[in-house]
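These protein sequences, in sequence, are chains A and B. Going letter by letter, the first sequence gives residues 67 to 311 in the numbering used here. Going letter by letter, the second sequence gives residues 944 to 1178 in the numbering used here. All C-beta atoms, glycine included, are put in the ideal place defined by N, C-alpha and C. Model, not experiment: these values are computed from the prediction.
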Amino acid sequence: MILFLRWLHKWIGLIVGLQFVLWTFSGAAMALLDHHKVAAEGVIRPPADVPRLEQPVSLARVAQAAGAPILRLELKPLQGRYVYEAATTDGVRLIDAADGRPVVIDADRARSLAVSAYRGAEPVRSVAPVTESTFETRTFARPVWRVEFADKDHTALFVSAGTGQVLGAKNDAWRLWDFVWMIHIMDYTKRESFNHPLIITVATGIVWLALSGLILLFRSFRRSDFSWVLDPIARLRAAAKTGAR
Amino acid sequence: MRWPALARTTHKWLALIIAVQAVFWTLSGLYMSAVHIDIIHGDRLVKAVAPQPLALAGLVEPAHLAHMAPGLKSLRLDTQLGKPVYIVETTAGHDLFDARTGRALSPLGEADIRARAKALYAGEGDIVSLELLTKVPGEIKSRPAPIWRAEFEGAWRPTFYISPQTGELVARRHDLWRTYDFVWMFHIMDYENRTDVNNILLRVATWMALATSLTGAWLLLYSFRRRRRARRSVA
């Protein structure tokens, strides 16, 4: 039995041991990377005071401005004004609640939305549209604007081109974390899923590596390994015995 | 000490400290990868309803609603139980209005919550318990109270949490989720709050685990022999 476990431990170690090294390394790295920093907490300021809602335009005007059947409708503040956000069968429409005119989130508007949400004092370095999924934007609905600031963390804010909402922020700490995360979840192309056959197979092997290692420990130690702690105790006991006599 | 002996000794002593946690890590990791995250999130518990176009004619105007809900910050027009409703956020919290009559619906009572829970649940089973909680349980820590908890008959004890103020499904839980949360605690070694991925215990343990795996890899160099040479020595 022990011989079999030793054989198992050694061969699993040879076949999938490298991934165990990578898992412990990436795990240790992620434990070190401060998740407040990684999540870019405190980079985006909470929305300023809500403006007063003056007589918003009627639903009929909204329906007309949307131009397509409305599935969901929201009335919300956006940068000091109220807008209707209508999810239509033809995509999201933003409509100014005061005059019923369409609101377009173009590069300039995205820049100004990002600047008013950004807590730092640094200027904008670049504004660019993101139309295809990237590592940074994989969890955001596209199209989005990527607004990068000239700070030392290379912080980028993502502004939805549909709703004008600031969806999130990514910085260098996150980019490093995301690379390590890729190693950890073994999804080398999308860095998204930890539920794929490769990781499940390797994890199954690694469970046996850990279990067999744990069991082998009981056979790997002799009393002499612990003599540095057991001997003094034995001596003390012997001394106590002779003392008692 | 010769190199192989040194490798073996370090590997063995490091493993003595970290082995039990390594078993926890691998088992929890296997669970989290083997059970798909969509199942954990309980996506299948909720009936998928394709959004239907809203009939806006005859509804209460948002301008009118602004008078009825003082301190209005935002509002949403949605459909609940086939009827249009306004979900309103004010400086005081959330409220629900019938979008046809303008009648205030919140806080919703037991019958209204029961109807919503039944309409949302994708399973066959009935509601086995329905109660209004004034203190949120650990499994929905960050959500506001009071909140309705509806537990259904069915595999893994499916549970919905519904807000009495908005009538919306706030969270869904079942035993696979609860197990995930439990093994996650072992994975990140935050045995208190299950949230801090940077705790000192985890930091120390992970670097020790890395040292264990590296010495293990080192040990591999001495652990394999070519069969032919072994045979020759026997002969």
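For lysine 103 of chain A, the uninterrupted alpha helix (DSSP H) segment begins and ends at 101-104. Looking at the DSSP output, threonine 1102 of chain B bridges to B:Glu1094 and B:Arg1116. At least 8 Å separates the CB of alanine 164 of chain A from every CB of chain B.
With a threshold of 8 Å between beta carbons, threonine 1149 of chain B makes contact with chain A. Between the segment 963-975 of chain B and the segment 1119-1126 of chain B, the count of C-beta pairs closer than 8 Å reaches three or more; the two stretches touch. Taking a contact as a CB-CB distance under 8 Å, the pair serine 1017 of chain B and glutamate 1004 of chain B does not count as one, their CB atoms being some 16 Å apart. Between alanine 176 of chain A and threonine 154 of chain A, the beta carbon gap of about 21 Å keeps them out of contact (Cβ cut-off 8 Å). Here the C-alpha atom of tryptophan 1120 of chain B lies approximately 53 Å from the C-alpha atom of leucine 302 of chain A.
For glycine 186 of chain A, same chain residues with a beta-carbon under 8 Å away, outside a window of 5 residues either side, are Val109, Phe215, Asp217 and Thr221 in chain order.
Positions of the alpha helix (DSSP H) runs, each at least 4 residues long and wholly inside the segment 1105-1168 of chain B, are given as 1118-1131 and 1143-1166 in order along the chain.
For proline 122 of chain A, no alpha helix (DSSP H) run applies, since DSSP gives it neither H nor E. Within chain A, no C-beta atom comes nearer than 7 Å to that of valine 1028 of chain B; the closest sits roughly 12 Å away.
In the displayed model, glutamine 1023 of chain B falls within a strand according to three-state DSSP. Between threonine 1034 of chain B and aspartate 115 of chain A, the alpha-carbon positions lie close to 11 Å from each other.
For a cut-off of 8 Å, the C-beta gap from leucine 988 of chain B to leucine 1020 of chain B is around 26 Å, too long to register as a contact. Counting only unbroken stretches of 3 or more residues, the beta strand (DSSP E) elements lying wholly within the segment 967-1052 of chain B are 1015-1023, 1026-1033 and 1036-1041, in sequence order.
Around the beta carbon of valine 123 of chain A, 16 or more other beta carbons sit within 10 angstroms, so the residue counts as buried. Counting along the chain, no beta strand (DSSP E) covers phenylalanine 260 of chain A, and no H or E run does either. With fewer than 16 other Cβ atoms from the protein chains shown falling within 10 Å of its own Cβ, tryptophan 73 of chain A counts as exposed. Burial is judged here by how many other beta carbons sit within 10 angstroms of a residue's own beta carbon; proline 1107 of chain B has at least 16 and is buried. Using a CB distance below 7 Å, the part of the segment 1001-1021 of chain B facing chain A consists of Leu1002, Glu1004, Pro1005, Ala1006, Ala1009, Leu1015, Lys1016, Ser1017, Leu1018, Arg1019, Leu1020 and Asp1021, ordered along the chain. Neighbours of aspartate 100 of chain A in chain B, taken as residues at a C-beta separation under 9 Å, are given in chain order as Asn1141. With respect to chain B, the C-beta atom of alanine 239 of chain A has no partner C-beta closer than 8 Å.
Ranked by Cα distance from valine 196 of chain A, the options A:Asp219, A:Tyr184 and A:Ser226 are led by A:Ser226. Checking the DSSP bridge columns, you'll see aspartate 162 of chain A partnered with A:Val149. By the 16-neighbour rule on beta-carbons within 10 angstroms, glycine 271 of chain A is buried.
Neighbours of leucine 71 of chain A across chain B, judged by C-beta separation under 8 Å, do not exist; the nearest C-beta is about 13 Å away.
Think of a sphere of 7 Å around the beta carbon of valine 116 of chain A: the chain B residues whose beta carbon falls inside it are Lys1016, in chain order.
In the DSSP assignment, phenylalanine 245 of chain A falls outside any beta strand (DSSP E) and lies within the alpha helix (DSSP H) extending over 238-251.
DSSP places proline 209 of chain A in the coil class of the three-state scheme, outside both helix and strand.
Sequence-distant Cβ neighbours of isoleucine 265 of chain A in its own chain, meaning closer than 7 Å and more than five residues away, are Ile251 and Met252. Contact annotation for lysine 955 of chain B against chain A: Leu283, Ser286 and Phe287 [CB-CB distance below 8 Å, chain order].
Looking at the DSSP output, glycine 234 of chain A sits in a beta bridge with A:Phe224. Around the C-beta of threonine 1138 of chain B, fewer than 16 other C-beta atoms lie within 10 Å, and the residue is accordingly described as exposed. For isoleucine 78 of chain A, no beta strand (DSSP E) segment is defined; the enclosing uninterrupted segment is the alpha helix (DSSP H) at 68-98.
For alanine 194 of chain A, no alpha helix (DSSP H) segment is defined; the enclosing uninterrupted segment is the beta strand (DSSP E) at 190-196.
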